[in-house]
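The block underneath contains the structure these notes are about, expressed in structure tokens.
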Amino acid sequence: MSDIFTARVVAIIRKIPFGKVTTYGMIAAEAGNRCGARQVSRILHSCSEKYDLPWHRVVNRNGEVSFRSSMHHHFQRNLLAGEGVVFSVQGKIDFEHYLWRPDEPVTGSIPNS
DNA sequence: CTCGTGACTCCCG
DNA sequence: TCGGGAGCCACGA
1 MSDIFTARVV AIIRKIPFGK VTTYGMIAAE AGNRCGARQV SRILHSCSEK YDLPWHRVVN
61 RNGEVSFRSS MHHHFQRNLL AGEGVVFSVQ GKIDFEHYLW RPDEPVTGSI PNS
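Here the first sequence is numbered in my numbering, starting from 1 and rising by one per residue.
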């Protein structure tokens with residue numbers, strides 16, 4: 001398949017462990033494009049149900065839900081709450097405990113910058 | 001094929 | 001502190 005970006009994004013999202021969250025930017029960066037964050041959201045929108053992706057585990061850079069509709073916003077928050085994810089008073093997720101990195105699970109082979 | 005849109009993110013004034 | 005613009009690319013019509 002040529003659309004490696006989509007496959008990459010889907011694969012990464014599927015790897016998100018239970019009770020963890022990640023950001024569009026990280027997925028996009030792992031997929032190969034930092035600026036592809038928008039595409040990630042686009043893909044999620046189109047393939048969330050088809051590929052059964054845990055879209056609710058994907059949040060924006062601020063650690064909060066990016067939905068415009070309060071209804072969906074509250075819905076995602078509910079799903080995360082069901083996984084044990086706790087939101088701060090400001091409705092943000094504590095990255096210190098819930099942020100997951102696609103390149104972390106490896107044996108500490110982090111390319112020091 | 002072309003066009004429009006978007007659940008993002010970063011930079012600048 | 002906050003608003004606006006630019007950049008990227010896939011999917012649907």
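Just so you know, even glycine gets a beta-carbon here, dropped at the ideal spot from N, CA and C.
Taking C-beta to C-beta, are residue 24 and residue 40 nearer than 8 Å?
In the first sequence, the residue the question calls residue 24 occupies position 24. In the first sequence, the residue the question calls residue 40 occupies position 40. Yes, they are a contact pair.
Residue 77 beta carbon less than 8 Å from that of residue 87
Locating residue 87 in the first sequence gives position 87, counting from the first residue. Locating residue 77 in the first sequence gives position 77, counting from the first residue. The answer is yes: Cβ separation under 8 Å.
Measure from the alpha carbon of residue 63 to the alpha carbon of each residue in 71, 19, 92 and 75, then state which is nearest.
The residue given as residue 63 occupies position 63 in the first sequence. The shortest C-alpha separation from residue 63 is found at 92.
For residue 93, name the three-state secondary structure that DSSP assigns.
Here the question's residue 93 lines up with position 93 in the first sequence. Residue 93: strand per DSSP, three-state reduction.
May I ask which residues mark the beginning and end of the alpha helix (DSSP H) holding residue 25?
To locate residue 25, count along the first sequence from 1; it is residue 25. Residue 25 -> alpha helix (DSSP H) spans 24-31.
DSSP on residue 79, reduced to helix/strand/coil?
Residue 79 sits at position 79 when you count from the first residue of the first sequence. In the structure shown, residue 79 sits in a helix (DSSP, three-state: H, G or I).
Distance, Cα to Cα, residue 5 vs residue 32?
Taking the first sequence and counting its residues from 1, one reaches residue 5 at position 5. Taking the first sequence and counting its residues from 1, one reaches residue 32 at position 32. Using only the alpha carbons, I get a separation of about 7 Å.
With which residues is residue 87 paired in a DSSP beta bridge?
By 1-based counting over the first sequence, the position of residue 87 is 87. Per DSSP, 93.
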